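Undergrad:
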Amino acid sequence: MKRFTQLIQQLETSNKTNDKIAALVSYFSTADERDKPFVIAMFTGKKPRRPVPTALIRQWATELSDIPAWLFAESYHSVGDLSETIALVLPPAAHTTDRKLHEWINDLAALNGKDDEAKKMFILHAWDSLDTQERFIFNKLISGNFRIGVSNKMLVNAISKQSDTDSNKIMHSIMGKWNPGEITYQELIAGAHVNTDNSWPYPFCLAYALEAEPASLGEANDWQAEWKWDGIRGQIVKRNGELFIWSRGEELVTDQFPELHFLRDELPDGTVIDGEILSVKDGQVQAFSILQQRLNRKTINKAQLKDAPIGFFIYDLLEYRGADIRTEPLSERRKLLEGIISQISNTDVAILSPVIEFNDWEQLAEIRKGSRENNSEGIMLKKLSSSYHSGRKRGDWWKWKINPYTVDTVMIYAQKGSGRRANHFTDYTFAVRDGEHLITVAKAYSGLTDKEIKEVDAFVKKNAIEKFGPVRTVKPELVFEIAFEGIAESKRHKAGLALRFPRIARWRKDKVAAEINTLDDLRQLLASTL
1 MKRFTQLIQQ
11 LETSNKTNDK
21 IAALVSYFST
31 ADERDKPFVI
41 AMFTGKKPRR
51 PVPTALIRQW
61 ATELSDIPAW
71 LFAESYHSVG
81 DLSETIALVL
91 PPAAHTTDRK
101 LHEWINDLAA
111 LNGKDDEAKK
121 MFILHAWDSL
131 DTQERFIFNK
141 LISGNFRIGV
151 SNKMLVNAIS
161 KQSDTDSNKI
171 MHSIMGKWNP
181 GEITYQELIA
191 GAHVNTDNSW
201 PYPFCLAYAL
211 EAEPASLGEA
221 NDWQAEWKWD
231 GIRGQIVKRN
241 GELFIWSRGE
251 ELVTDQFPEL
261 HFLRDELPDG
271 TVIDGEILSV
281 KDGQVQAFSI
291 LQQRLNRKTI
301 NKAQLKDAPI
311 GFFIYDLLEY
321 RGADIRTEPL
331 SERRKLLEGI
341 ISQISNTDVA
351 ILSPVIEFND
361 WEQLAEIRKG
371 SRENNSEGIM
381 LKKLSSSYHS
391 GRKRGDWWKW
401 KINPYTVDTV
411 MIYAQKGSGR
421 RANHFTDYTF
431 AVRDGEHLIT
441 VAKAYSGLTD
451 KEIKEVDAFV
461 KKNAIEKFGP
471 VRTVKPELVF
481 EIAFEGIAES
491 KRHKAGLALR
501 FPRIARWRKD
511 KVAAEINTLD
521 DLRQLLASTL
């Protein structure tokens, strides 16, 4: 645990990519071989199952620290992170040990199914054998809140450098389902397990946002344009008579979308296609809020199949007749893909993503203005000569999104952030006017500069009206423009609607609260999108 804790400290103390990669290379060069697969798993989102409810962890920490519950709560509000708070308030360890990370994780997994008393004894013993920094990491593991600022690309580049292995091969290997307790580090990076699993997907090729004018990309006829859809990115894998549907989040979602199961009989063996899962009704792509009705459900009933029917818009062909063709140019992959789709019976469900015909960038810009009419977010631009990269590679794929919706709101609640933001009020709730009252419509914490965060923090501390635990009610004076990608009806929200991906676009210091938008404004916007 000490070596892993040291790695986390090194990663947290620098914002420089090269420093983080160096720390990762050093770790994978010196750490216990059995720990390495667990670290890769955690850094790629494969977190161990939480063995103990957070409420119990908090209760046991309060008891062991021998402080009143109110003082623990105030400490938590001040620190802003429960795992760190517990690590700080616990008494010093009687003795410290250096058990390996994989031993701790295996022991935590063994707690599942045991009674609360057995879990408590294990947790208390663990706290008594770890120093403050190790406790912090341990608490993150047991609470299921382990997060670290390391992208998959950064992790893969570090492993590639340390092991002298091709980064694309590593990226492909760490995709999909694998158990860190059942594979060695060398087996994992070599991809020894990939060819034995029919379901194995490929890393997704991702696009950068296009900030400049498209003319900066060169000749228009070197590019393929498609609509950018707002759905769930996915891959459909057909091998040895079996069909698998993967989400970009590396979840197998085959059972959630029975409409696509007919492809088991119609796709050739050795086929992997990339596309977007969308709700499609009468040939028209529906809003993302409709698709949400189908997500994360163990069973799908007839009403859901009728109300939110699914289509798969197919973008690309990654595997053809069992061969990886990702390095072939897009123009060639598209020809092969068109040949496969031409043999499919139900192209109302398995839909070839249409190529947008255009003669020059000016014409495409005009076409892009109609994006919202078909529930798309804008246009994707893909170089016809491009290969299908693992992750992002600047220059080949671009997303040319339309401008977001915006609404002027007033901040009415504020809460301190977590981690590095724990000492400042950085999480805000915003409202619009509903008659003589204010009604909340969004929460956001991104979009302000460090200087602006300090200004807002000072305002909150000076103008707080009420306190509800960590939340402060503030005078409704600061106006912010909130940007968002979509709007939908919502029975869960008091306003009766929900904004998709809200974030702060700018602080409107030029406006006062009387000038903010109204709930009727948002209702009219919602009606225009239906």
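Taking UniProt numbering, I'd label the letters of the sequence shown as residues 1 to 530.
From the three backbone atoms N, C-alpha and C, an ideal C-beta is built for every residue, glycine too.
Predicted model only: the values in this text are computed from it and were never measured.
DSSP three-state label for M411, please.
TA: Looking at M411 - three-state DSSP - the assignment turns out to be strand.
Undergrad: Are any of the Cβ atoms in chain C nearer than 8 Å to that of L263?
TA: The question asks about chain C, but that chain is absent: this structure has only one protein chain.
Undergrad: Just list the alpha helix (DSSP H) runs in the UniProt domain "ATP-dependent DNA ligase family profile" (303-434), keeping only unbroken ones of 4 residues or longer that don't cross its boundaries, in chain order.
TA: Within the UniProt domain "ATP-dependent DNA ligase family profile" (303-434), the complete alpha helix (DSSP H) runs of at least 4 residues are 330-341, 361-368.
Undergrad: With DSSP as the reference, label H172 as helix, strand or coil.
TA: Looking at H172 - three-state DSSP - the assignment turns out to be helix.
Undergrad: How far does the beta strand (DSSP E) with F484 in it extend, from its first residue to its last?
TA: Element bounds for F484: 479-484.
Undergrad: Could you pull the DSSP bridge partners for T473 from this structure?
TA: In the DSSP output, where bridge partners are listed per residue, T473 has Y413, E466.
Undergrad: What would DSSP say about R297, mapped onto helix, strand or coil?
TA: Three-state DSSP puts R297 in coil, outside helix and strand.
Undergrad: Using CA coordinates, which residue listed in G45, D19, A55, F4 is at the minimum distance from D35?
TA: For the residues G45, D19, A55, F4, the minimum Cα distance to D35 belongs to F4.
Undergrad: Considering Cα atoms alone, identify which of H437, L56, V355, T429 is closest to E117.
TA: Looking at the Cα atoms, L56 is the closest of the given residues.
Undergrad: Going by CA-CA distance only, name the one from E466, H493, E485 that's closest to P502.
TA: Closest by alpha carbon: E485.
Undergrad: Between the C-alpha atoms of A350 and W361, what's the straight-line distance to the nearest angstrom?
TA: One C-alpha to the other measures close to 30 Å.
Undergrad: In terms of DSSP beta bridges, what is T440 paired with?
TA: Looking at the DSSP assignment, T440 forms a beta bridge with A431.
Undergrad: Assuming W398 contacts L210 under a Cβ cut-off of 8 Å, what Cβ separation, rounded to an integer in Å, is found between them?
TA: The Cβ separation is near 4 Å, so the contact holds.
Undergrad: Helix, strand or coil for M530? Go by DSSP, reduced to three states.
TA: Inspection of the sequence shows that residue 530 is occupied by Leu rather than by Met. If DSSP states are grouped into helix, strand and coil, L530 belongs with coil.
Undergrad: Check F288 in the structure and name its three-state DSSP category.
TA: Of the three classes helix, strand and coil, the one that applies to F288 here is helix, per DSSP.
Undergrad: Label Q186 either buried or exposed according to how many other C-beta atoms from any shown protein chain fall within 10 Å of its C-beta, with 16 as the threshold for buried.
TA: Burial call: exposed.
Undergrad: Can K228 and G378 be called in contact, C-beta distance under 8 Å?
TA: Yes; because the gap between Cβ atoms is below 8 Å, this pair is in contact.
Undergrad: Below 8 Å CB to CB, which residues in the same chain sit around K161 once its five sequence neighbours on both sides are set aside?
TA: Here the set comprises I21, V25.
Undergrad: Between the alpha carbons of R506 and L499, how many angstroms are there, rounded?
TA: If I take the Cα positions, the gap works out to 17 Å.
Undergrad: Leaving out five residues on either side along the sequence, give the residues of the same chain with a beta carbon under 8 Å from the beta carbon of K443.
TA: Cβ within range, chain order: D427, Y428, T429, F430, P502.
Undergrad: Just the C-alpha distance for L330 and I341, rounded to the nearest angstrom, thanks.
TA: Straight-line Cα distance between these residues: approximately 16 Å.
Undergrad: Short check: CB of W200 to CB of I123, under 8 Å?
TA: No, Cβ-Cβ distance for W200 and I123 is not below 8 Å.
Undergrad: Would you check if the distance between the CB atom of I232 and the CB atom of I183 is smaller than 8 Å?
TA: Cβ distance not < 8 Å, so I232 and I183 don't count as in contact.
Undergrad: Per DSSP, what kind of secondary structure is residue 568 in: helix, strand or coil?
TA: The first residue shown for the chain is 1 and the last is 530, placing residue 568 beyond what the model contains.
Undergrad: Determine whether the beta carbon atoms of A287 and A73 lie at a separation below 8 Å.
TA: It is not a contact, given that the beta carbons lie outside the stated cut-off.
Undergrad: State the CB to CB distance for the pair R50 and G144, rounded to an integer number of angstroms; the pair is presumed to be in contact (CB under 8 Å).
TA: Confirmed, about 3 Å.
Undergrad: Consult DSSP for L7 and reduce its assignment to one of helix, strand or coil.
TA: Three-state DSSP puts L7 in a helix.
Undergrad: Report the residue from F28, S371, Y388, N359 whose alpha carbon sits nearest the alpha carbon of L155.
TA: Ranking the options by Cα distance to L155, first place goes to F28.
Undergrad: Let's test the definition: count the other Cβ atoms within 10 Å of the Cβ of S433 and tell me whether it reaches 16, buried, or not, exposed.
TA: Position check: residue 433 holds Arg in this sequence, whereas Ser was assumed. With 16 or more other Cβ atoms within 10 Å, it is buried.
Undergrad: Using beta-carbon positions only, say whether I325 and E259 come within less than 8 Å of one another.
TA: No, these two residues do not count as a Cβ contact at 8 Å.
Undergrad: Specify the secondary structure class of D274 as computed by DSSP and reduced to three states.
TA: If DSSP states are grouped into helix, strand and coil, D274 belongs with the strands.
Undergrad: So is K140 buried or exposed if we call it buried at 16+ other beta carbons inside 10 Å?
TA: Label assigned to K140: buried.
Undergrad: Quick one: Cα of I159 to Cα of A23, how far?
TA: Approximately 11 Å between the Cα atoms of the pair.
Undergrad: Between which two residues does the beta strand (DSSP E) holding S247 run?
TA: Element bounds for S247: 242-247.
Undergrad: Taking R135 as part of the alpha helix (DSSP H), name the residues at either end of that continuous run.
TA: Residues 132-143.
Undergrad: Using the C-alpha atoms, what's the distance from G275 back to R248?
TA: Near 10 Å, if we compare the C-alpha coordinates of G275 and R248.
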